[in-house]
Amino acid sequence: MTLVPYLINLDRATSRRDAAVAQLHQLNLSAQIVPAVDGATLTEAQWACYDAQAAFTRSGRSLSPGEIGCYLSHVDCARRFLASGAEMALVLEDDFKADPDFPALLHELTRHLSDTPGWDVVNLGNTAKRFAIVTAPICTEGRQWPLCRAHHFPVLTTALLWSREGARAFLANAFPIFRPVDQMLKDWCIRSGRGLAFATAPVTTSGAESLIGRGPGGNPRHRGQRRHLYPLIRFRRSLANTVIAGVNYLAAFPPA
4 MTLVPYLINL
14 DRATSRRDAA
24 VAQLHQLNLS
34 AQIVPAVDGA
44 TLTEAQWACY
54 DAQAAFTRSG
64 RSLSPGEIGC
74 YLSHVDCARR
84 FLASGAEMAL
94 VLEDDFKADP
104 DFPALLHELT
114 RHLSDTPGWD
124 VVNLGNTAKR
134 FAIVTAPICT
144 EGRQWPLCRA
154 HHFPVLTTAL
164 LWSREGARAF
174 LANAFPIFRP
184 VDQMLKDWCI
194 RSGRGLAFAT
204 APVTTSGAES
214 LIGRGPGGNP
224 RHRGQRRHLY
234 PLIRFRRSLA
244 NTVIAGVNYL
254 AAFPPA
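The opening position of the sequence shown corresponds to residue 4 in the numbering used here, with each subsequent residue numbered one higher.
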């Protein structure tokens, strides 16, 4: 099994990069630094990936340039991964904070998943909660990490583990952009049933201030406009996701 690790970092976010690299060193891990797509300097071609009308009508709000940059950064990692020939990819954002047991867990997890079909992505940075089915305990020395089929896939993209099949499917469904990348993954994995997560997340965030909505000078940037029906649109999406996740969860149990 071959694993390629990536660390997404804005070129101008040097303190976040240094903290992330130092943490990787403490964990005896390394990662290829992937320059994040900077929302403050999006090119015309990058803007063309964004469907503003669909964002406003289907998500109820427009996306900020930083959200578009974050989305495209994850697309870049998926493309790099598929070009690498590796079997799995670990994608970390530069505000990750890993449990000290993470290296051992990652080793055992990738070993387990190399023989496990039917999964696309593991969300390592948020907990599987509703409609989660424990599929296997991933055991490290003296500790068990319950791995779950996350029918209600959690948001956040702080730490993701991709299969090649999953990365290909993600790229096939990635465009046009009309919602943040974590919401896209949530919606997609709820419908596919191929997303995994842990009952206790091995990675959290460091608490470093997000730069997603800030320009190079550190000033807050516009986060987009919301439709007056935004709360209703958000509720409808949440309800649809809950119903689909619940149906898939129940279908996983054979009838008595």
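Built from N, CA and C at the ideal position, the CB exists for glycine as well.
Checklist entry - Which word fits Leu10, buried or exposed, when buried means at least 16 other C-beta atoms lie within 10 angstroms of its C-beta? => result buried
Checklist entry - Distance, Cα to Cα, His154 vs Trp191? => result 11 Å
Item to check | Residues near Pro2 in its chain [Cβ-Cβ closer than 8 Å; skip 5 each side] | outcome: Given that the chain is displayed from residue 4 to residue 259, the structure contains no residue 2 and the question cannot be resolved.
Item to check | For Ala92 and Ala23, the rounded distance between their alpha carbons | outcome: 17 Å
Checklist entry - Would a C-beta distance cut-off of 7 Å place Gly88 and Asp123 closer than the cut-off? => result no
Item to check | 7 Å CB neighbourhood of Pro106 in its chain, flanking five on each side removed | outcome: Leu30, Asn31 and Leu32
Item to check | Residue range of the unbroken alpha helix (DSSP H) whose run includes Thr17 | outcome: Thr17 to Gln29
Item to check | Status (buried if at least 16 other CB within 10 Å, exposed otherwise) for Arg114 | outcome: exposed
Checklist entry - Could you give the residue range of the beta strand (DSSP E) that holds Gln147? => result Arg146 to Ala153
Item to check | Nonlocal neighbours in the same chain, by C-beta distance under 6 Å from Val78, ignoring five residues either side | outcome: Ala177
Checklist entry - Would the region 42 to 58 and the region 142 to 157 be scored as touching if the rule is three or more Cβ pairs under 8 Å? => result no
Checklist entry - Can Asp118 and Val158 be called in contact, C-beta distance under 7 Å? => result no
Checklist entry - Which of helix, strand or coil does DSSP assign to Leu13? => result coil
Checklist entry - Under three-state DSSP, which class holds Ala101? => result strand
Checklist entry - Could you give the residue range of the alpha helix (DSSP H) that holds Gly169? => result Arg167 to Asn176
Item to check | Three-state class that DSSP yields for Leu109 in the structure shown | outcome: helix
Item to check | Between the CA atoms of Gly198 and Arg152 - distance to the nearest angstrom | outcome: 6 Å
Checklist entry - Can you tell which of Cys142, Ala25, Leu6 and Ser67 has its C-alpha closest to the C-alpha of Arg182? => result Ser67
Next on the checklist: Just to confirm my understanding: we take Met4, look at its own chain, exclude 5 residues before and 5 after, and list those with CB closer than 6 Å. What are they?
Outcome noted: Glu90, Thr113 and Ser117
Item to check | Cβ distance (whole Å) where Ser65 is taken to contact Gln228 below 8 Å | outcome: 5 Å
Item to check | Under the three-state DSSP convention, the category Gln35 falls into | outcome: strand
Item to check | Per-residue DSSP class, three states only, for Met187 | outcome: helix
Next on the checklist: DSSP has Met4 in a bridge; who is on the other side?
Outcome noted: Answer is none; Met4 lacks a bridge partner.
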